[in-house]
Every structure is written in structure tokens, then in C-alpha cells.
Amino acid sequence: MNLIEVANWKQARDFIDLPKRLYKNDPHWICPLDSDVEAIFDPSHNVFFSHGLCNRWLLADKNGLIIGRIAAFINYEKSHKNPQPTGGVGFFECIQDQNAAFLLLDTAKAWLKSKGMEAMDGPINFGENDKYWGLLIHGFKPPSLGMNYNPPYYKEFFESYGFTKLYDQLTNFLDATTPLPERFTKIADWVMKKPDYTFRHFDKSKFDQYAADFREIYNDAWSNFENFTPIEMGTIKESFRQMKAIMDERIIWFAYYKNEPIAVVLCLPDVNQILKHVHGKLNLWGKLKFLWYSKTQRVERLRIIIMGCKKKFQNHGIESALIRCLQLEVLPRNTITGVELAWVGDFNDKMIALHEATGAKQDKIHRTYRYIFK
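Once you know that position 95 of the sequence shown is 122 in our numbering, the rest is easy, because the numbers rise by one and skip nothing.
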């Protein structure tokens, strides 16, 4: 086997194309957009390069056929917040060969050690954890946009290598054809009627205002979680840039208390139901196909990407009210049959309780592992 460090355009193309061959007979896999993956490794798009490093490798067999890939990265804003300096690995793909898998992991580990790291988390993203994060270990079904999908044998690779569970990310599914529990609805309606609270959906024409509100809410809501790093405005702008083509303003809601932004729910149509037809390419032909299928095929699912509430307003029913805002907007359309509530860490008891209160059922589990170098 031959390791190849990605250093030119063709190798970067091989990195993108490998999963298309590995998963070509898997009916559940949906190809991520090439442009979305490429942006992660492009310093002009990914602000994490301003405070981090990244490298990629391919693995070829004796005949030159690419059989594996991996990326390794260091986010210096988080790496030293752990008991040991910790980097990350991700975008791992490999044929069902443990020797090949271990060679890829060894290569990433050696590079991270050479940069002063003493552990690595994976599979994760060189970016925020709302996409391409965690190994799928339960719920092997078509993924939503930005969610990792992999064969079941990857779990054996990571655990045999020595990775141990750090935490699980739970994705729950809410049947939109079934009414929300009466108690949940009563609480939400009661909160929505309080005079000091207002609820507004996103407005693209006021992007800067809503981006600032999102940042304020996010940086307060998650500040108590381990290894938290405040989100940057550049990250928010890039995320919204990627979502722009599929964004529905009326399913992104903000809550305010006396005009102070206090909570947000960011929801997107599950356009993977359409994007599966373009096979990762949004060139001219891909855009025409996307337009055709968007007119002839109904998107029946939504995915809640992020839901957060400032700490002093938690346990006040605000999140319930935001879900109710979504419901009141979506149900009259008579097109949506389900909502994916993704993702919530197994350490986030409050959000897990909220999901349970809606009647949502467990659908998928993505696991983040850690490996401490010996």
C-alpha cells in the first residue's frame, strides 16, 4: 500500500471522489456536495485555518487504486483545553481492510504527534460540530444534509485501534402527522402569549442583525459545556452562505425578551431527498437536475440543526414555544411528514428532556471517540 499526501488538484479530486466508488452499491448513502467538502479544506472559506492546521492523505493499493483517505487537523482554540493537547481526525473512508484502516490512522496520529498533540478525537470536522461530526453507529438510513454516514464496520476499526467513546450525539425523529402532546402544546402556547416575549422568523434582508443575535445566543447557551469556544462571525457567515440556496426563512425562529435575543431554532428542509439525484455536483447540469427534482419531488422532512437558549431563560418553556412556532408554520403546508431533531449530546439532559416531551423517538446515534497516544 502507498500513502499519498494530498498536495495537488488531482489528489484533492481523488479525495472527494473515493466515497462515490466505495458507496456506489449502498442504497442509503447520499453523496455530500463536492463544494461543501472542498470548502472545509479551502483557507479562503474555512475560518478555522486562521487558528488551526490541516493535512490530508490518500491510500492506494499496489495497482494505484485509491482505497482509503483521512484528514487530520488541529484547532488551537480548543486543542489545549483538554487534559492533553488534542487534535482531530475526520473524513475517514476505507475499504474493509483493518491493515489499511490502521495505516491511515497511524499516519494521522504521527502527524498530530509531530505538531505536539498527545491525543486525537474522531471522526470530527475541521469546523463546527453541526456537520460531518461523529461516527454513525445506529440508524443506518439515508443521512440528512451534512450528517455523516458510514458502513457499520468502521466502528470495529476505531474501537480495535484503541479509540474510546467520548460522547454520543443523538438524533431523534418527530412524526409531524401526529399532534404534539397536549401538555407540551399548552406550555408553548402559554409562553407565546406572555407580553414581554416575541417570536420572529429569520429575514435575509436583515442578515447582519440576525447573525449577531445568533452569535449572542449561541455563545451564552453553550458556554458551560466542556471545551466550549465562542463562535466567530466568519463561521456564521460561511454557514449561512452554504445554506442560502436551501434556506426557508419561515422555519428559522428567534425568541426575544423585551427585544433581547434569548433563543433560536435553526431548521432546514432535508434537501438530501433532492440532492441524492445530483451525486455531489452542483455544476450547470447538477443545478438543472436540482431545479427539476425540486419542482417534481416533494421534500417531506425537516431537520432542526441547532436549538439553543440563553442560560437564564432555560426551563422557561422558550424552546417549546419555538417548536410550536415551527409547527404552526409548517402544518398548514400539508407537505411535511417528519422532523429530524439533530443532534443533541448525551450530556445535554435538558435538550434530551425537551425532545422526549415532544414525543420524538430515537432515530440515529453518532459517536465521537478519543484516542490518547501512548
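Note that the Cβ used here is the ideal one computed from N, Cα and C, for glycine as well.
Residue i - containing alpha helix (DSSP H), residue span
i, result
"His-382", "376-385"
"Met-219", "209-219"
"Gly-239", "Position check: residue 239 holds Ala in this sequence, whereas Gly was assumed. Note, Ala-239: alpha helix (DSSP H), 234-248."
"Lys-182", "180-188"
Contact under 9 angstroms by Cβ, residue i with residue j
i, j, result
"Gly-115", "Phe-76", "no"
"Val-291", "Ile-244", "yes"
"His-393", "Leu-92", "no"
"Thr-204", "Thr-364", "yes"
"Lys-136", "Met-147", "yes"
"Arg-330", "Asp-297", "yes"
"Lys-182", "Leu-80", "no"
"Lys-192", "Thr-395", "yes"
"His-55", "Pro-170", "yes"
"Ile-279", "Phe-229", "yes"
"Tyr-398", "Tyr-103", "no"
"Glu-276", "Lys-231", "yes"
"Ala-387", "Phe-340", "no"
"Lys-89", "Asn-29", "yes"
"His-304", "Phe-317", "yes"
"Tyr-180", "Gln-111", "no"
"Gly-166", "Asp-63", "no"
"Leu-201", "Leu-368", "yes"
"Ala-128", "Phe-118", "no"
"Arg-210", "Ala-384", "yes"
"Leu-131", "Ile-101", "no"
"Leu-85", "Gln-38", "yes"
"Cys-352", "Phe-226", "yes"
"Leu-284", "Tyr-224", "A small fix is needed here, since residue 284 is Tyr in this sequence, not Leu. Going by C-beta atoms, Tyr-284 is nearer than 9 angstroms to Tyr-224."
"Lys-338", "Ala-248", "yes"
"Arg-83", "Glu-32", "yes"
"Leu-139", "Gln-354", "no"
"Glu-414", "Phe-374", "Absent from the structure is residue 414, since the part of the chain shown begins at 28 and ends at 401."
"Gly-372", "Tyr-194", "yes"
"Glu-65", "Ile-94", "no"
"Met-334", "Leu-302", "no"
"Leu-358", "Leu-60", "no"
"Leu-311", "Met-270", "no"
DSSP-derived helix/strand/coil call for residue i
i, result
"Gln-123", "coil"
"Thr-262", "helix"
"Phe-42", "helix"
"Glu-32", "strand"
"Lys-388", "strand"
"Phe-226", "strand"
"Phe-153", "coil"
"Thr-256", "coil"
"Thr-395", "strand"
"Phe-400", "coil"
N- and C-terminal bounds of the beta strand (DSSP E) containing residue i
i, result
"Tyr-284", "279-284"
"Asp-202", "191-202"
"Ile-289", "287-296"
"Met-147", "146-149"
"Ile-164", "162-165"
"Tyr-176", "That residue, Tyr-176, is in no beta strand (DSSP E); it is neither H nor E in DSSP."
Residue i Cβ short of 8 angstroms to the ligand ATP heavy atom set
i, result
"Leu-201", "Inclusion of the ligand ATP in the displayed structure is not the case, the ligand content being empty and no account of it being possible."
Query - Unbroken stretches of the beta strand (DSSP E), 3 residues or longer, contained in the segment 44-113 - result: You should have 79-87 and 93-102.
**Report entry** Whole runs of the alpha helix (DSSP H) within the segment 301-371, excluding any shorter than 4 residues
**Finding:** With a minimum length of 4 residues, the continuous alpha helix (DSSP H) runs that stay inside the segment 301-371 are 311-323 and 345-357.
**Report entry** the segment 337-355 / the segment 259-268 touching (three or more Cβ pairs under 8 angstroms)
**Finding:** No contact exists between the segment 337-355 and the segment 259-268.
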